[in-house]
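Working notes, beginning with the structure itself.
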Amino acid sequence: MKITTWNVNGFRAVLKKDFINSVHSLAPDILCLQELKAKEEQLIAEDILIPGYDYLWNSATRPGYSGVGTYIKKSLNINNHSTGLGVDEFDVEGRVIQTRFGNTVLFNIYFPNGQRGQERVDYKLRFYARLLDICNEEHAKGRNIIITGDFNTAHNEIDLANPKENSKISGFLPEERVWIDKFLENGFSDAFRKMYPEKVQYTWWTYRVNARARGIGWRLDYFLISNPICDRVIDVTIFDQIQGSDHCPVTLEIMD
């Protein structure tokens, strides 16, 4: 099974940037999109549909903001979905879709960005805490979990080009990074880093200062997976050559 995550930074915008051809080239079984910045009623059905896939969107209450969408190959016949984390302050922002298949729970998440100030950093930390509580409950029931999406946090210095300069910037604050540690301490592994401990590769580049061409990026898009299924991982690939957004797609290939 191939699961691809991609923060598209606006669904309507990425449609104009060879999006469908990019999806066809990636050929995921499940496609997890973040930052749709749209509601379904703002688009015609033909624009939302990807041939061969069923889909579910979870949009924010606020127009033009946040939003996630999960697309699943029709042949898989997976249709057990839910949205949100069961907390209003998070769920109004359209950040989560849960999909269940077999003994696995897949979370497609657009994690909060804390760069608008301390209030949003605190919100982001509460979001991490709520998610970990849910994951601990699922693990206690014997279920395996795959969390993917834009975490809006670089975990370690290897995960961004300029760690020293960004040590006091949201996205690399110690109090944000420690939450990824907490997930790793509670039964998860970072699939990319487990496979490639020393590989320097990024998934997001600011549009400013020609950052992408200069290789000045951050690794913000992850697959955290339950430890019992780590040995089923075949590969994790960062497709940093695919354009269309300030993020690039990342694919987890895992044995069913």
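Note that this note's numbering numbers the sequence shown so that position 86 is 86, with each residue one more than the last. Note that the Cβ used here is the ideal one computed from N, Cα and C, for glycine as well. None of the values given here were measured: they were computed from a predicted structure.
- DSSP, reduced to helix, strand and coil, places residue 133 within a helical segment of the structure shown.
- Contact between residue 139 and residue 75 is absent: CB atoms are separated by about 29 Å, not below the 8 Å threshold.
- Note on residue 29: 16 or more other CB atoms within 10 angstroms of its CB, so buried under the neighbour-count rule.
- Nearest to residue 124 by alpha-carbon distance, out of 153, 137 and 99, is 153.
- Minimum Cα-Cα distance from residue 114 among the listed residues 127, 80 and 54 corresponds to 127.
- Residue 58 is not a Cβ neighbour of residue 34, given a cutoff of 8 Å.
- Relative to the Cα of residue 197, the nearest Cα in the group 207, 212 and 155 belongs to 155.
- The Cβ-Cβ distance between residue 221 and residue 150 falls below 8 Å.
- Around the Cβ of residue 51, a 10 Å sphere holds fewer than 16 other Cβ atoms; the residue is exposed.
- One thing to note: residue 3 has its Cβ no nearer than 8 Å to the Cβ of residue 206.
- Between residue 240 and residue 248 a beta carbon distance of about 5 Å is seen, short of the 8 Å cut, so the two are scored as contacting.
- At a Cβ-Cβ threshold of 8 Å, residue 145 and residue 107 count as neighbours.
- With fewer than 16 other CB atoms across the displayed protein chains lying within 10 angstroms of its CB, residue 213 is exposed.
- For residue 230, the closest of 192, 202, 208 and 238 by C-alpha to C-alpha distance is 192.
- Residues 31, 50, 53 and 55 of the same chain have their beta carbon placed closer than 6 Å to that of residue 71, with the five preceding and five following residues left out of the count.
- Taking C-beta atoms as the reference points, residue 62 and residue 43 fail to come closer than 8 Å.
- Note on residue 219: 16 or more other CB atoms within 10 angstroms of its CB, so buried under the neighbour-count rule.
- In this structure, residue 223 lies near residue 148, with their beta-carbon atoms less than 8 Å apart.
- The residue from 244, 243 and 238 with its alpha-carbon nearest to that of residue 253 is 238.
- Note on residue 25: under 16 other CB atoms within 10 angstroms of its CB, so exposed under the neighbour-count rule.
- When DSSP states are grouped into helix, strand and coil, residue 253 belongs to the strand group.
- If you draw a straight line from the Cα of residue 233 to the Cα of residue 105, it is about 16 Å long.
- Straight-line spacing of the CA atoms in residue 39 and residue 64 works out to 8 Å.
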